[in-house]
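Since the structure comes first, as structure tokens, the remarks are kept for the end.
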Amino acid sequence: MKKALRASTAFSLAALLTISPLMSPVAAAYAANSVQAEDISSDAVSADDGVASRDEGVADGDMDVEQSLPTDVDEPADEDFGVDASSTEPQTESADSPFQYIYLAYPNLISGTDQVVAFATPNDSDTIASATLNYVSANGVQGAVDASAQDANSAAFTFGSELELNTYFLTSITYVLQGDGTEHEINLSDRDYSFTVVDGTANCEGTSVYYADGDGNAVEAQSIKQALECADSPDGISTYAARSARKNVRIIALDAGHGGTDPGAQGNGKSEADLTWKIVAACKNKLEAYGFKVVLAREQSGGYSGNDYLYRVQRCVSQGAQAFVSFHINSGSPVAHGAEVYAPTANEYDYTQVSVELANKVMNNLASMGLSYRGVFQMEVGDEFAVIRCAREQGIPGILIEHGFISDAGDVLNYFSDEGCRRLGEADADAIIAQFPKSTWLDYSSVFDANYYLSNNPDVAKATAGNSELALDHFINYGMSEGRRGSASFDVQSYFNEYPDLRAAFGFDLVKYYEHYVTAGKAEGRHGTGCSKIEGYATTINGVDYSSVYDPSFYLSNNEDIRNAFSKRSPAGVVMIDDAAVLRHFVSCGMAEGRRGSESFDVLSYYNRYPDLRRAFGANLTALYSHYLSSGRAEGRIATGCASLAGAVASQGGTDYSPVYDFDFYTSNNGDVLSAFTTVKGGLRFVDDAAVLRHFVSCGMAEGRRGSDSFDVYGYRNRYADLRKAFGQNLKSYYIHYLNCGIKEGRNGASATGYEGFIMSSAYSTYLDAADHFTKTVGPKGFPSAVYTDRGASNIIDFCKILYEEAQSEGVSPEVLYGQVMKETGYLKFGNLVQPNQCNFGGLGATGPGNPGYTFGSVREGLRAQVQHLKAYGSTEPLINPCIDARFKYVSRGCAPRTVDLNGKWAVPGVGYGESIDAIAKEVIG
């Protein structure tokens with residue numbers, strides 16, 4: 007025998023209400039997870055007495071039935087908890103889940119108001135000591151909030167009034183239990199718990215919910231679940247927020263009472279949960295054959311908790327259920343028998359009236375099968391079964407059927423066999439069909455013409471044998487969802503394309519477009535045909551208009567992956583694009599990835615053109631888009647047409663490096679630097695010009711990297727002996743000197759691209775050029791082969807080759823060496839103090855009569871000594887080869903960097919000495 011249950015214990019989450027008032031709209035629905043029903047002796051009537059008193063006054067079919075709520079019912083009333091149960095369904099989890107439920111109060115949170123999130127741990131015996139909720143915004147900003155209230159194993163978080171317009175995702179909840187120092191974590195990153203903070207002035211989008219007013223009636227509220235429109239929304243979408251409970255009811259929820267861990271009543275070898283499933287299965291088959299869509303409140307088996315009935319209505323409504331029928335088997339004294347049906351008390355709301363009408367039809371059908379007529383009971387608000395209360399609060403018809411008594415052998419024998427269950431289920435289905443016949447379904451004539459449909463859909467014509475009624479059934483059950491065109495006057499593709507408000511409301515649910523046109527669109531004067539491409543693409547989100555950087559057509563045509571991700575083609579070829587989702591992708595991902603959103607805005611061009619933006623935002627592309635939206639466009643900034651970096655930074659730390667640094671030159675000649683400081687996003691290359699300059703200043707100058715075409719550090723160093731003496735090999739110092747002093751002093755920082763008379767210089771000619779010059783000057787027989795063949799050079803080519811090798815080994819200009827050799831020897835004719843066989847080609851040590859200078863053993867040795875002596879004058883750098891110049895140590899190093907500086911030093915008095923060497927060198931170079 008079932009007990010009459012009236013719950014009076016306080017729930018853990020309901021207790022939170024006294025701490026957190028914002029929880030009141032949802033407390034009951036979620037607190038119910040921890041309800042412990044108790045017998046209340048002062049309120050409960052003996053089940054046996056109650057049944058006996060009713061049966062005593064009832065002969066078969068007699069209607070003299072006690073109208074008070076019977077005691078032998080199979081669900082607890084749940085209205086005595088002191089709070090209204092919310093119509094919002096908790097997201098409950100299975101027994102092994104890390105939590106019982108997570109509750110998110112406001113999927114769309116008005117800016118400036120607080121969000122409420124609640125959860126319960128898996129074990130009712132837990133007591134939470136502390137808890138923290140972690141979340142992250144769509145652009146990666148993380149946040150955390152501690153619990154604002156907790157009671158037993160439940161906790162609530164109140165936060166959000168300071169959050170900016172954005173979408174926020176719950177990532178995890180961590181908590182510590184009393185007496186347990188372990189931190190437990192609930193990972194929510196793979197679940198879709200999110201909410202969006204929206205502008206309070208924005209139009210309400212999408213959905214509404216019914217709540218119970220003071221009289222227990224369903225009233226439409228702007229919230230989560232039930233309806234499709236906002237009644238006061240100015241966008242003009244007429245949907246089913248105030249739908250009739252009498253028309254177009256085609257989705258029926260069937261609830262096989264009990265199940266899972268709750269087997270229901272037991273008796274005469276039968277189990278209530280098994281019987282209700284069999285009855286539901288038969289009812290379902292007949293309803294579906296008629297054309298209804300059936301939603302099941304539970305499956306045949308599953309892990310359903312003992313209080314699962316509290317959430318069954320909500321689960322079904324979330325799947326579109328328009329009426330709810332709960333199937334049960336009664337239990338009482340052995341003499342109690344017959345059927346009874348429960349409904350809410352009928353009032354001015356049509357869903358309560360329809361509930362009573364349906365209950366009477368069911369009762370009559372069951373009585374016609376021979377079951378005793380125990381009556382239809384209209385339950386008072388505050389004293390209802392949970393499923394009837396929940397259905398009423400959802401604004402849909404809802405009844406509960408007791409199909410006889412499992413405790414009565416007669417009812418069991420006559421009605422609870424497999425065949426009996428089938429007959430009961432079909433009798434219930436007949437009542438449902440009678441209450442919601444196809445004649446009450448929508449008038450589809452504005453979108454359906456049988457002749458048109460059959461002629462344009464040969465598969466349907468064949469399957470239905472041309473039957474118009476069957477064609478309509480196909481259109482309703484399949485054709486609309488497939489996007490098939492039902493008449494010449496309505497094209498769902500056109501309707502989808504033309505109206506952005508409908509796309510925002512219905513998304514890819516094609517059936518709703520047909521239904522909208524039937525119920526509202528045609529009357530509103532909306533067009534049913536004639537629009538071949540999408541109009542009114544969404545370009546505004548969270549109050550921000552992105553149209554200046556975002557053109558949906560451009561974005562889709564240039565991003566095939568986005569088009570594929572957010573578009574869908576129906577079986578009949580209707581192409582649907584979720585333009586709101588495309589915009590969300592652009593805002594949350596596309597901008598950061600550098601995807602171009604329109605022809606009129608190129609983020610790379612914007613980056614390249616404006617150095618102030620590069621300094622402010624770097625390669626933060628979202629910030630660049632946002633700047634243009636908020637300021638750049640109004641400032642008249644140009645957003646396209648700049649393919650390369652403009653205004654590259656050339657100053658750092660108050661120093662202008664432009665005389666020695668040019669960004670384009672430096673990056674084009676130093677690919678490693680360019681790669682190091684280039685960020686690639688979406689195939690676009692964003693070069694950090696400030697970082698490139700920092701590299702040049704901190705590394706490039708010291709490495710001797712050339713920073714511009716106008717300054718060559720090596721040329722600068724080679725030209726000026728005083729600088730070489732001052733700075734040696736510290737290349738950076740040459741750059742700094744040029745910037746601080748050299749420019750003012752008029753020094754030349756260009757490359758030594760031609761001969762300038764520097765003793766230390768690379769070659770501008772080859773040894774063959776020198777040999778040719780010698781031959782042209784003195785003739786082919788002018789070289790003293792007889793003297794130098796045994797000394798390493800049998801001809802002028804060999805001689806010049808040795809000369810160039812020795813000069814270049816020490817960095818001395820081979821043209822200077824050649825010019826000096828020919829100047830000193832008269833093109834190897836000698837004739838003064840020094841003789842040819844001395845191999846002394848520079849007069850080293852020759853000071854006058856009787857002192858002809860040094861003698862060297864070979865041409866190479868003599869030239870090497872002369873090279874070393876020249877290097878002593880022209881440079882402060884050390885020798886490469888061992889020193890063989892006996893007079894090297896007497897030279898003031900670096901005192902004569904150019905040939906003209908040798909005047910009066912190498913040759914005394916030496917007037918024109920260096921100039922004559924230069925003349926010969928230039929002839930060689932040509």
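Sequence positions in the sequence shown follow the numbering used here and run 7 to 932. Glycine is no exception: its CB is placed at the ideal position from the N, C-alpha and C atoms.
{"query": "A696 vs V655 beta-carbon contact at 8 Å", "result": "yes"}
{"query": "Buried or exposed (CB count within 10 angstroms, at least 16 for buried), G659", "result": "exposed"}
{"query": "DSSP-derived helix/strand/coil call for N370", "result": "helix"}
{"query": "Opposing strand residues paired with Q272 [DSSP bridges]", "result": "S277"}
{"query": "Spatial neighbours of F454 in its chain, beta-carbon cut-off 7 Å, leaving aside the 5 residues before and after", "result": "L478, F481, G492, S493"}
{"query": "Status (buried if at least 16 other CB within 10 Å, exposed otherwise) for G755", "result": "buried"}
{"query": "Beta-carbon contacts of Y794 that lie in its chain and below 6 Å, excluding the five residues immediately before and after", "result": "V865"}
{"query": "C-alpha distance - A440 paired with D356, whole-angstrom precision", "result": "17 Å"}
{"query": "Reduced DSSP secondary structure (H/G/I, E/B, other) of P665", "result": "coil"}
{"query": "Which residues DSSP lists as bridging Q156, in chain order", "result": "A161"}
{"query": "Y612 beta carbon less than 8 Å from that of A645", "result": "yes"}
{"query": "Every unbroken beta strand (DSSP E) within the region 678-761, with a cutoff of 3 residues, ordered by chain", "result": "684-687, 690-693"}
{"query": "Three or more C-beta pairs below 8 Å linking the region 406-424 and the region 338-349", "result": "yes"}
{"query": "G900 vs R730 beta-carbon contact at 8 Å", "result": "yes"}
{"query": "For D166, the nearest candidate out of F125, D120, Y181 (CA to CA)", "result": "Before going further, note that residue 166 is Gly rather than Asp in the sequence given. The shortest Cα separation from G166 among F125, D120, Y181 belongs to D120."}
{"query": "7 Å CB neighbourhood of T783 in its chain, flanking five on each side removed", "result": "Y833"}
{"query": "First through last residue of the alpha helix (DSSP H) which encompasses H533", "result": "Element bounds for H533: n/a, residue is neither H nor E."}
{"query": "Beta-carbon contacts of L839 that lie in its chain and below 6 Å, excluding the five residues immediately before and after", "result": "A852, P858"}
{"query": "6 Å Cβ shell around I803 - same chain, five flanking residues per side excluded", "result": "A777"}
{"query": "Helix, strand or coil at Y523 according to DSSP, with G and I counted as helix", "result": "helix"}
{"query": "Alpha carbon of L823 to alpha carbon of G734, nearest angstrom", "result": "23 Å"}
{"query": "Residue(s) in a DSSP beta bridge with V300", "result": "I258"}
{"query": "8 Å Cβ cutoff met for V142 and K276", "result": "no"}
{"query": "Ordered list of beta strand (DSSP E) runs contained in the region 771-817, each at least 3 residues", "result": "none"}
{"query": "Per-residue burial, P941 [other beta carbons within 10 Å of its own, 16 or more giving buried]", "result": "Within the shown structure, residues of the chain are numbered from 7 to 932, placing residue 941 beyond reach of any answer."}
{"query": "Beta-carbon proximity of L460 to A467, cut-off 8 Å", "result": "yes"}
{"query": "Start-to-end residues for the alpha helix (DSSP H) that takes in N140", "result": "Segment 134-143 is the beta strand (DSSP E) holding N140; no alpha helix (DSSP H) there."}
{"query": "Reference D584, options P842, R621, A799, F502, closest by Cα", "result": "F502"}
{"query": "R428 versus K290 - alpha carbon distance", "result": "10 Å"}
{"query": "Spatial neighbours of D465 in its chain, beta-carbon cut-off 7 Å, leaving aside the 5 residues before and after", "result": "none"}
{"query": "Pairwise C-alpha distance: F330 and S250", "result": "15 Å"}
{"query": "Sheet register partners of H334 (DSSP bridge)", "result": "E408"}
{"query": "Opening and closing residue of the beta strand (DSSP E) in which F512 lies", "result": "Per DSSP, F512 belongs to no beta strand (DSSP E); it is in the alpha helix (DSSP H), 506-512."}
{"query": "Buried or exposed by the 16-neighbour rule on C-beta atoms within 10 Å, applied to R621", "result": "exposed"}
{"query": "Where F847 sits in the DSSP three-state scheme", "result": "coil"}
{"query": "Spatially closest choice to E386 from I394, R380, Y379, by CA coordinates", "result": "I394"}
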